[in-house]
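Sequential numbering from 865 applies to the sequence shown in this note's numbering.
Think of the CB as a built atom: it goes at the ideal place given N, C-alpha and C, for glycine as much as any other residue.
Please read these numbers as outputs of a predicted model, since none were measured by experiment.
Contents: one structure, followed by commentary.
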Amino acid sequence: MPETTLDATLARRLSEQLGVAVTGPADLLRLATGRHLTLDVVRSLRAHGLLASEIYRIVIPQRTLTHRRATGQMYLSADEADRAVRLARITALAERAFGDRDRALHWLRKPKRFLEGSTPIDVVTSSEGTRLVEEKLLQLEHGMVA
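See below:
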């Protein structure tokens, strides 16, 4: 079962990736369910190693992002924010588990047998996929699987 608390390292990584203060699970819930994340989260996620193509596919399509910026709409929708939080959380958990951003991103982008050949980053679009990846990362972090 995925953890329900955030240690200081995970909270810091999430804060950096999302561009807003994250101190606990309640902050993530607030960010994922309301209009609290701005379009700047795209820049923050990119600055932490995620590819534009991954963000456009998972969080917000490039065309939508361009349109929102052009019309002055600066916030992600609730669905987009939820996906951004999921992506940031999985990335932060992977960085913590592997101790290195490059190794974490490599793991997230490599097809996995436990995901039937999908990559962890691809399944973040669903809550069930996110849960499976979180569980695997926590197992890896605690030495429960190779």
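Assigned exposure category for residue i - 16 Cβ within 10 Å defines buried
{"i": "E980", "result": "exposed"}
{"i": "Q926", "result": "exposed"}
{"i": "T994", "result": "buried"}
{"i": "E998", "result": "buried"}
{"i": "E992", "result": "exposed"}
DSSP three-state assignment for residue i, whether helix, strand or coil
{"i": "T989", "result": "coil"}
{"i": "T902", "result": "strand"}
{"i": "A961", "result": "helix"}
Of the listed residues the options, nearest to residue i (C-alpha basis)
{"i": "P984", "options": "R973, S990, S991, E992", "result": "R973"}
{"i": "T955", "options": "R933, D904, S908, H900", "result": "S908"}
{"i": "E918", "options": "R950, G936, T887", "result": "R950"}
{"i": "H900", "options": "V884, T873, W971", "result": "V884"}
{"i": "V923", "options": "P975, V987, L1002", "result": "V987"}
CB-CB length for residue i against residue j, believed under 8 Å
{"i": "V886", "j": "A872", "result": "Not a contact, Cβ separation roughly 11 Å."}
{"i": "L914", "j": "A961", "result": "Between A961 and L914 the Cβ distance is about 17 Å, and since that is not below 8 Å, they are no contact."}
Query raised in the report: Would you say the stretch 891–908 touches the stretch 943–950, given that touching needs at least three Cβ pairs under 8 Å?
Result: yes
Query raised in the report: Is there contact here, the stretch 885–894 with the stretch 926–938, by at least three beta-carbon pairs under 8 Å?
Result: no
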